[in-house]
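Step one of this worksheet: look at the structure below.
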Amino acid sequence: MGFFDKLKQVKNMVTGGGAVVNVAPANQISDGNEPVSLTISCQVKDADLSVRNVYLKVKAIEEVVARDIDIAREEDGELRRYQEDVSNTVETYSTEIQVAGAETLEANQSYEWTVDLEVPANINGTYRGRNATHEWKVYAGLDVSGNDPDSDWVTIEIKK
Numbered sequence: 001m002g003f004f005d006k007l008k009q010v011k012n013m014v015t016g017g018g019a020v021v022n023v024a025p026a027n028q029i030s031d032g033n034e035p036v037s038l039t040i041s042c043q044v045k046d047a048d049l050s051v052r053n054v055y056l057k058v059k060a061i062e063e064v065v066a067r068d069i070d071i072a073r074e075e076d077g078e079l080r081r082y083q084e085d086v087s088n089t090v091e092t093y094s095t096e097i098q099v100a101g102a103e104t105l106e107a108n109q110s111y112e113w114t115v116d117l118e119v120p121a122n123i124n125g126t127y128r129g130r131n132a133t134h135e136w137k138v139y140a141g142l143d144v145s146g147n148d149p150d151s152d153w154v155t156i157e158i159k160k
């Protein structure tokens with residue numbers, strides 16, 4: 001391995017730029033009884049990548065907004081009233097799934113993994129109402145030395 005190859009590996013370790021990682025649903029569930037199949041794709045850049053594992057993080061988040069709530073605050077010795085929207089966010093579900101074990105991904109190659117996500121029966125699917133939302137997000141990553149190449153959080157639709 002030459003000097004420039006080692007330099008590329010160090011750059012990729014620091015920036016997480018050793019690969020482009022994407023995650024997308026291969027199907028959507030219709031009744032909540034079937035798993036959601038997710039495809040993780042990876043395009044390795046210009047240097048081999050030693051991966052400890054491929055992982056998928058999943059979370060569901062509910063946000064509720066109460067609109068035009070009367071709020072009283074004391075400012076400069078006077079009681080002032082305001083109307084504000086008040087929101088609360090709660091994580092209703094969170095898990096991490098190991099998709100694949102240790103391997104070396106070769107430079108300039110594409111890889112793909114599929115994982116089935118079992119949606120718990122007691123957790124709501126996606127909904128978007130006037131005052132409340134419940135969204136599902138997934139995040140795929142490659143566990144490497146330094147900064148992990150990842151997909152960022154991707155919102156998916158879970159129908160139940």
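Residue 95 in full-length UniProt numbering is what sits at position 95 of the sequence shown, and the numbering runs on without skipping anything.
Backbone N, C-alpha and C fix where the C-beta goes; we use that ideal spot for every residue, glycine too.
_Beta-carbon separation (whole angstroms), residue 117 vs residue 54, contact threshold 8 Å_ = Your numbering for residue 117 matches position 117 in the sequence shown. Your numbering for residue 54 matches position 54 in the sequence shown. About 14 Å; that fails the 8 Å criterion.
*Kindly indicate which three-state DSSP category residue 141 falls into: helix, strand or coil?*
As a first step, residue 141 must be located in the sequence shown, where it is residue number 141. Residue state for residue 141 is assigned as strand, using DSSP reduced to three classes.
*In DSSP terms, what residue 41 is bridged to*: Residue mapping note: residue 41 aligns to position 41 of the sequence shown, counting from 1. Residue 41 pairs with 22 and 112.
_Beta-carbon proximity list for residue 113, same chain, < 7 Å, skipping 5 on both sides_ = In the sequence shown, the residue the question calls residue 113 occupies position 113. Same-chain partners within the cutoff: 40, 54, 99 and 100.
*Between 108, 93, 103 and 152, which lies nearest to residue 134 when the distance is taken from Cα to Cα?*
Indexing the sequence shown from 1 puts residue 134 at position 134. Closest by alpha carbon: 93.
*In DSSP terms, what residue 136 is bridged to*: Start at 1 with the first residue of the sequence shown, and residue 136 comes out as number 136. Per DSSP, the beta-bridge partners of residue 136 are 60 and 156.
*Exposed or buried, residue 136, counting other C-beta atoms within 10 Å across all chains shown (16 or more means buried)?*
Here residue 136 is taken as the residue at index 136 of the sequence shown, counted from 1. Residue 136 sits buried, since 16 or more C-beta atoms from the chains shown fall within 10 Å of its C-beta.
*Rank 59, 80, 108 and 84 by C-alpha distance to the C-alpha of residue 123 and give the top, closest one.*
Against the sequence shown, residue 123 aligns to sequence position 123. Measuring from the Cα of residue 123, the nearest candidate turns out to be 59.
*In or out: residue 90 buried (at least 16 other Cβ within 10 Å) or exposed?*
Here the question's residue 90 lines up with position 90 in the sequence shown. Of the residues assessed, residue 90 falls on the exposed side of the cut-off, its CB having fewer than 16 other CB atoms within 10 angstroms.
*Taking residue 69 as the reference, which of 47, 76, 63 and 84 has the closest Cα?*
The residue given as residue 69 occupies position 69 in the sequence shown. Closest by alpha carbon: 84.
*asked:* If I measure Cβ to Cβ from residue 158 and keep anything under 7 Å in the same chain, skipping five residues before and after, which residues do I get?
replied: For this step, residue 158 is matched to residue 158 along the sequence shown. By the criterion of a C-beta distance shorter than 7 Å, residue 158 is surrounded in its chain by 29, 36, 119, 125, 126 and 136, once the five residues flanking it on both sides are discounted.
*asked:* Going by C-alpha to C-alpha distance, which of 138, 121 and 105 sits closest to residue 34?
replied: Locating residue 34 in the sequence shown gives position 34, where the first residue counts as 1. Per the Cα distances, 121.
*When 130, 47, 25 and 20 are compared against residue 104, the one with the closest alpha-carbon*: As a first step, residue 104 must be located in the sequence shown, where it is residue number 104. When the alpha-carbon of residue 104 is set against those of 130, 47, 25 and 20, the nearest one is in 47.
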